[in-house]
Structure formats: C-alpha cells, structure tokens
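Structure, as structure tokens:
Numbering (the working numbering), first residue to last: 127 to 308.
Here it is in structure tokens:
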C-alpha cells in the first residue's frame with residue numbers, strides 16, 4: 127500500500143456511541159487499536175479522516191429509528207478524547223449511515239488522490255457497512271481491520287465483516303498487519 131494514496135476513515139467513534147445515549151459496550155475494546163492505527167498513520171503520512179454522525183435535532187430521519195444521538199453541538203457528537211483529531215486530520219460530518227452520502231468525503235478523497243481506504247469504527251453491519259458500500263461503488267480498494275471495528279452484538283459484528291468481504295471484496299485484516307504496510 128502506498129501511504130500517499132491511503133486514508134483511514136474512522137466511523138462514529140463519538141462519545142454517544144462509546145459512553146452516551148447509544149453506548150456500545152463492545153466499543154471499549156476497539157479504542158486502543160484505533161488509537162495505535164491513527165498514531166502510526168500520522169507518522170507515516172497516511173491521511174486520517176473522521177466520519178462523524180452530526181444530526182439535526184427534530185429533523186434527521188435516522189433519529190426516528192435510534193432516538194436522539196450525536197446532535198450537532200453536543201458533547202455526544204464529539205470524537206472520544208482518546209482519539210482526539212489532530213490539525214492534520216479531517217472531519218467529515220454525516221447525517222446518514224454512509225460517510226459518503228451527501229457529504230464532502232468523496233471530494234476530499236479525490237483531492238487527496240486516495241485510492242485505498244481503511245475503514246474502522248462502529249458498526250460493521252450499519253455505518254461501516256454503508257460507508258464501505260459507497261467506497262466500493264467509487265472503486266476504492268478497501269481494508270477493514272477487524273480489531274478496530276465492532277457492533278452491538280457479536281452476531282452483528284461477524285455478519286457485518288462477512289458481508290463486507292463477500293459483497294464488497296474488502297480485505298479483512300488487523301491493525302498490526304496494516305501498520306506493517308505503511
């Protein structure tokens with residue numbers, strides 16, 4: 127993998143998903159691998175992009191399904207302190223499951239000349255899945271580090287990973303293996 131053409135997309139590593147209104151108990155175990163991945167990425171010149179839910183209270187359709195979470199301007203919509211974005215990172219707010227849907231993510235990746243995306247975060251069967259689908263549709267090479275992603279349940283996590291690999295050709299890997307390729 128050529129570092130200049132690779133970007134990490136961290137999906138929804140936000141307070142509301144880790145400790146707040148949509149807390150995922152299993153998310154605690156993916157914090158350290160994500161931190162290690164982005165720290166090494168920054169050292170090697172790999173782009174780091176945060177794809178964050180940023181909902182409009184009383185407006186966004188997704189809130190009908192999941193209740194209020196990651197409302198723009200609230201602490202719940204902020205990236206967890208362990209993964210605080212740095213000046214060199216990019217933050218792309220999203221109002222739907224996919225980080226690409228009606229956001230600037232595709233434009234940013236084009237301007238950075240990215241060819242390969244590493245998608246991490248929550249949830250393998252929802253937001254990671256839909257972001258991966260759009261990455262596939264835009265012809266990106268895709269890697270998913272299984273130790274830096276998760277879901278509410280083991281079943282959802284495994285289903286999500288299997289789907290990403292079988293349907294979108296995502297390379298299921300580990301943070302350790304990705305760091306070796308930087």
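Where a beta carbon is used, it is the ideal one built from N, C-alpha and C, also for glycine.
Once you ignore the five residues that flank residue i on each side, which residues in its own chain have a CB closer than 8 angstroms to its CB?
i: residue 272; result: 287, 298, 299 and 300
i: residue 276; result: 150, 152, 153, 155, 156, 248, 249, 250 and 283
Check the C-beta distance from residue i over to residue j and give it rounded, since I have them as a contact under 8 angstroms.
i: residue 180; j: residue 205; result: Contact doesn't hold; Cβ gap of about 11 angstroms is too wide.
i: residue 182; j: residue 221; result: 7 angstroms
i: residue 177; j: residue 135; result: 5 angstroms
i: residue 230; j: residue 174; result: The pair is not a contact, with the Cβ atoms about 16 angstroms apart (cut-off 8 angstroms).
i: residue 148; j: residue 195; result: 5 angstroms
i: residue 264; j: residue 232; result: 6 angstroms
i: residue 240; j: residue 137; result: The Cβ separation is near 16 angstroms, so there is no contact.
List the residues that DSSP assigns as beta-bridge partners of residue i.
i: residue 247; result: 137 and 275
i: residue 227; result: Per DSSP, none; premise fails for residue 227.
i: residue 216; result: 175
i: residue 270; result: 298
i: residue 132; result: 242
i: residue 197; result: 181
Quick check on the DSSP output: the alpha helix (DSSP H) that includes residue i runs from which residue to which?
i: residue 191; result: 188-192
i: residue 254; result: 253-263
i: residue 299; result: Segment 297-299 is the beta strand (DSSP E) holding residue 299; no alpha helix (DSSP H) there.
i: residue 159; result: 154-170
Can you give me the start and stop residues for the beta strand (DSSP E) that residue i sits inside?
i: residue 179; result: 173-179
Straight-line CA distance for residue i to residue j?
i: residue 217; j: residue 306; result: 25 angstroms
i: residue 143; j: residue 202; result: 8 angstroms
i: residue 289; j: residue 267; result: 16 angstroms
i: residue 274; j: residue 185; result: 31 angstroms
i: residue 219; j: residue 225; result: 8 angstroms
i: residue 279; j: residue 132; result: 29 angstroms
i: residue 285; j: residue 302; result: 22 angstroms
i: residue 208; j: residue 161; result: 7 angstroms
i: residue 293; j: residue 258; result: 10 angstroms
i: residue 211; j: residue 139; result: 11 angstroms
i: residue 295; j: residue 261; result: 11 angstroms
i: residue 237; j: residue 158; result: 30 angstroms
i: residue 213; j: residue 200; result: 21 angstroms
Report all residues from its chain with a CB closer than 7 angstroms to the CB of residue i; omit the five preceding and five following residues, and keep chain order.
i: residue 304; result: 163, 244, 269 and 271
i: residue 308; result: 129, 166, 167, 170 and 172
i: residue 252; result: 223
i: residue 189; result: 181
i: residue 291; result: 298
Leaving out the 5 sequence neighbours to the left and right, which residues in its chain are closer than 6 angstroms to residue i when beta-carbon positions are compared?
i: residue 146; result: 202
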